[in-house]
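Chemist: My questions will all concern the structure given below.
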Amino acid sequence: MDLALALRAFQRTVDRGSMTAAARDLAVSQPAISKHLRNLEAHVGARLLERSARLVRPTPQGLRLYAASQPAIAAIDAALEDLRAEGAQVEGRLRLHAPSCIGVRHLHPIVADFQAQHPRVSIDLVLEERVVDLVHEDYDLALRYGRPEGQDLIIRRLGWSHRILVAAPAYLARAGEIGRPEHLTACDVVTIASAAVSRTLLTLQGDGETVDVPVRPILRTNNAEVLVHALREGRGIGPVQRLLVAEDLAAGRLVHVLPDYTLRSTEAFLVYPSTRHMRPAVRAFTDFAVPRIRALAGIGPTP
């Protein structure tokens, strides 16, 4: 019996709750997984898994073996990956998906800087406002807002994208004083179409209170660039990710409204399929991009 292969088959079966899924992940047949598991149970002299028609789960003995073997398997995988990476060229094609709001202004420059260091890597940068299936749509990496779901994903936390209310000085001159959340009810509002603003703008928190403010949206768009452009033109006031307007705030083109109140932040992640071997180009880009995204103005370690 190959003990390393048997332990790997056991661990992946526990992770996935299915021998079929484990076989798919390890690129072997389902009968091969079953054989590894039978041999492992015979080797340790204990039943490790409870099998039903819909689910496979570990017995108490299986849980003990899983906990004990997991660090060893992870250490072996890391050592093998390091050895492969030492002799591997950073080259090939990398497919990356991200929301356009961060992709146009911030991710594209990071991609350009990465390719300057690794000219043998070609990158497909797809920017759109939807969640993709990385495996079925053949993506290596994706940047996502909100904690990703699914056992087939490995995630790298990037931080919290802070949102604020902003408006152009010209609009504020017309609108008059906006010193309290209730003053927003008389304002023209521009916002992202996916925001829940059919009856309220957003939940604002500050000064020891939580406030839902009824508003009048005059423009809803699914494109963050259109939103920022409308705000610069003085069409109204709106919630926007700080990282999209940091330069406008510094230049005075936009003003932070109600700075003592906070809006709900959104957590950002870089994700890649756990079922796919991480090629040197993917690892190199991840290591390159993560610290740069974390350093963006408007991205913070806490909400």
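Take any residue in the sequence shown, note its place counting from 1, add 245, and you have its number in this note's numbering.
Even glycine gets a Cβ: it sits at the ideal position worked out from N, Cα and C.
This structure is a prediction, so every number in the text was calculated from the model and none was measured.
#1: Exposed or buried, which one is Asp383 when buried takes at least 16 other CB atoms within 10 Å?
#2: For Ala438, tell me which candidate among Asp358, Asn468, His474, Ile409 has the shortest Cα-Cα distance.
#3: How far does the alpha helix (DSSP H) with Ser279 in it extend, from its first residue to its last?
#4: Where does the unbroken beta strand (DSSP E) through Arg539 begin, and where does it stop?
#5: With three or more beta-carbon pairs closer than 8 Å as the criterion, would you say the segment 363 to 371 touches the segment 405 to 415?
#6: Quick check: the Cα distance between Leu472 and Gly479, rounded to an integer number of angstroms?
#7: Pull up the CB-CB distance for Leu476 and Leu449, whole angstroms please, since I reckon it's below 8 Å.
#8: In the DSSP assignment, what are the bridge partners of Ile400?
#9: Within the same chain, show all residues whose beta-carbon is closer than 7 Å to that of Val356, passing over the 5 residues directly before and after it, in chain order.
#10: Consult DSSP for Tyr384 and reduce its assignment to one of helix, strand or coil.
#11: Take Gln362 and list the residues in its own chain whose beta-carbon comes closer than 8 Å to its own, dropping the five residues that flank it on each side.
#12: Out of His342, Arg408, Glu512, Phe359, state which residue places its alpha-carbon closest to the alpha-carbon of Val376.
#13: When burial is assigned at 16 or more other CB atoms within 10 Å of the CB, is Arg365 buried or exposed?
#14: Taking its Cβ as the centre, do 16 or more other Cβ atoms sit within 10 Å of Asp247, making it buried, or is it exposed?
#15: Ignore the nearest five residues each way along the sequence and tell me which others in Val535's own chain have a CB closer than 7 Å to its CB.
#16: Three Cβ pairs or more, each shorter than 8 Å: is that satisfied between the segment 446 to 466 and the segment 384 to 393?
#17: Are the CB atoms of Thr265 and Gln256 within a distance shorter than 8 Å?
#18: Quick one: what does DSSP say Leu370 is sitting in, helix, strand or coil?
#19: Confirm, please, whether the CB-CB distance from Ala526 to Val380 is below 8 Å.
#20: Can you check whether the CB of Ile463 is closer than 8 Å to the CB of Gly481?
#21: Provide the residue(s) that pair with Leu449 in DSSP beta bridges, ordered along the chain.
#22: Taking the continuous beta strand (DSSP E) assigned at Leu300, which residues delimit it?
#23: Taking C-alpha atoms, which residue in Val434, Ala495, Arg539, Pro305 lies nearest to Arg461?
#24: For Thr258, which of helix, strand or coil comes out of DSSP?
#25: Can you check which of these residues, Gly543, Ile538, Pro548, is closest to His353 by C-alpha distance?
#26: Expressed to the nearest angstrom, what Euclidean distance is found between the alpha-carbon atoms of Arg528 and Gly453?
#27: Could you spell out the range, first to last residue, of the beta strand (DSSP E) harbouring Ala361?
#28: To the nearest angstrom, how far is the alpha carbon of Ala267 from that of Ala312?
#29: Can you give the Cα-Cα distance for Leu429 and Ile409, rounded to whole angstroms?
Modeler: Concretely, from the data shown:
#1: Under this definition Asp383 is an exposed residue.
#2: Comparing Cα-Cα distances from Ala438 to each of Asp358, Asn468, His474, Ile409, the minimum goes to Asn468.
#3: Residues 275 to 289.
#4: Element bounds for Arg539: not the beta strand (DSSP E) but the alpha helix (DSSP H), 525 to 539.
#5: By the Cβ criterion, the segment 363 to 371 is not in contact with the segment 405 to 415, since fewer than three pairs of Cβ atoms, one from each stretch, lie closer than 8 Å.
#6: Roughly 11 Å separates the two Cα atoms.
#7: The Cβ separation is near 18 Å, so there is no contact.
#8: Ile400 pairs with Val516.
#9: Taking Val356 as the centre and dropping the five residues before and after it, the same chain places the C-beta of Ile368, Leu370 closer than 7 Å to its C-beta, in chain order.
#10: Here DSSP, grouped into helix, strand and coil, assigns Tyr384 to coil.
#11: Excluding positions up to five away in sequence, the list reads Phe533.
#12: Nearest option by C-alpha distance: His342.
#13: The residue is exposed, with fewer than 16 neighbouring Cβ atoms inside 10 Å.
#14: Looking at its Cβ environment, which holds fewer than 16 other Cβ atoms inside 10 Å, Asp247 is exposed.
#15: The residues are Arg401, Leu403, Leu515.
#16: Taking a cut-off of 8 Å on C-beta distances, the segment 446 to 466 does not touch the segment 384 to 393, as fewer than three cross pairs fall below it.
#17: It is not a contact, given that the beta carbons lie outside the stated cut-off.
#18: Leu370: strand per DSSP, three-state reduction.
#19: No, these two residues do not count as a Cβ contact at 8 Å.
#20: Less than 8 Å divides the Cβ of Gly481 from the Cβ of Ile463.
#21: For Leu449, which the question treats as bridged, DSSP gives the partners Val456.
#22: Leu300 -> no beta strand (DSSP E), and no H or E assigned at all.
#23: Selection Val434, Ala495, Arg539, Pro305 evaluated against Arg461 yields Val434 as nearest (Cα-Cα).
#24: Thr258 falls in the helix class under three-state DSSP.
#25: The residue with the shortest Cα to Cα distance from His353 is Ile538.
#26: Answer to the nearest angstrom: the Cα atoms are 44 Å apart.
#27: That residue, Ala361, is in no beta strand (DSSP E); its alpha helix (DSSP H) goes 353 to 362.
#28: Cα to Cα, the separation comes out at about 18 Å.
#29: Note on geometry: alpha-carbon atoms of Leu429 and Ile409 lie some 14 Å from one another.
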